[in-house]
Structures are given as C-alpha cells and as structure tokens.
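Structure record follows, encoded as structure tokens.
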C-alpha cells in the first residue's frame, strides 16, 4: 500500500476553533464553543454545592460542639452516603426502588407485586434496611428486577471494600 494514502498520526484541523477555559486564573484546557458554556456552568454549580455542604457541615459541628478540624471528614462521609451504591444490599435496594418507579407502583402495591414472586414484605423491608440476604432470594429478586442471577450476585457481593460503603 502506498504511504501517500495512509493517514498521518499527527494532524492539524485549523477549521475547528476552541475557547480557552480558566480555573482561578490558570488555563486548564480548551473546549469547542458549543460545549464550553454548559461545562463551565456545571463546574461552577459543583463548586457552589461543595461550598454549601462545607457551610452546613461547619454549622452542624459548631452546634454540636465538635472539632472544627473534622469538617472535611464529615463532608466526605456525607458524600459517600449520598452516592448511588454499586455493590451490596444497599445497591439491591436501590435497584428495587428503581423497579418500583419503573412500574409506577405505590409501596403497598410493590410489596404485593414482590410477594407474588415469593419475596415477602418482611424480606423486602430487610433488604431496604440493608440486611444481608441469602441465596434463596436470588431467584425471586432476579425475576422482579429482570436481571440474571449471576449479575445480581455480582451486584450483591461485589468487592469487599466497595460493598461496605
């Protein structure tokens, strides 16, 4: 094959303009104009939310008479608790909640729905409470959630360090 027909590894595209993006006066990158304002808006909103969380944690620690040096620790704890769990019983509970929303059922209706698949209201509440469950519930949960048992096992068991969050 001729070398002239092969694309070059390095190329210049002079027709695509990019806008510089700054963070606290330092150049951090370039964006296409159609994306720049949306990305900057998102990043600034994140900063505002972070500041609000820090203020709330500081107020809480001050009211409780705690150590003001633990604000960042408390912020981290709240952030971890607010993230969607990927593994463990909490992740299964979130999947169940998502399924309930998808079916547009009330709590009572969803409990009855699960009961028809052999997941009792007590077992459902135990999962929502974060209690571990045994393999006998994998089949009913698999049918309720519409996912394979193997996939459900991966979600439930995950890696040890991640399932504790």
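Residue numbers (this note's numbering): 1 to 165. Quick reminder that beta carbons are idealized off the backbone N, C-alpha and C, glycines included.
Nearest-angstrom beta carbon gap, residue j and residue i [assumed within contact, 8 Å]
i	j	result
residue 92	residue 156	6 Å
residue 18	residue 30	4 Å
residue 117	residue 140	5 Å
residue 145	residue 105	The pair is not a contact, with the Cβ atoms about 14 Å apart (cut-off 8 Å).
residue 111	residue 121	4 Å
residue 32	residue 16	7 Å
residue 124	residue 114	5 Å
Nearest residue (CA-CA) to residue i, options the options
i	options	result
residue 61	51, 75, 48	75
residue 153	114, 88, 129, 124	88
residue 71	81, 53, 86	53
residue 147	158, 99, 123	99
residue 131	109, 149, 90, 150	90
Three-state class that DSSP yields for residue i in the structure shown
i	result
residue 138	helix
residue 49	helix
residue 68	helix
residue 9	coil
residue 110	helix
residue 147	coil
residue 32	coil
residue 74	helix
residue 59	helix
residue 42	helix
residue 156	helix
residue 84	coil
residue 121	helix
Residues bridged to residue i (per DSSP)
i	result
residue 22	27
Cβ contact check for the region 54-70 and the region 130-137: 3 or more pairs under 8 Å: no
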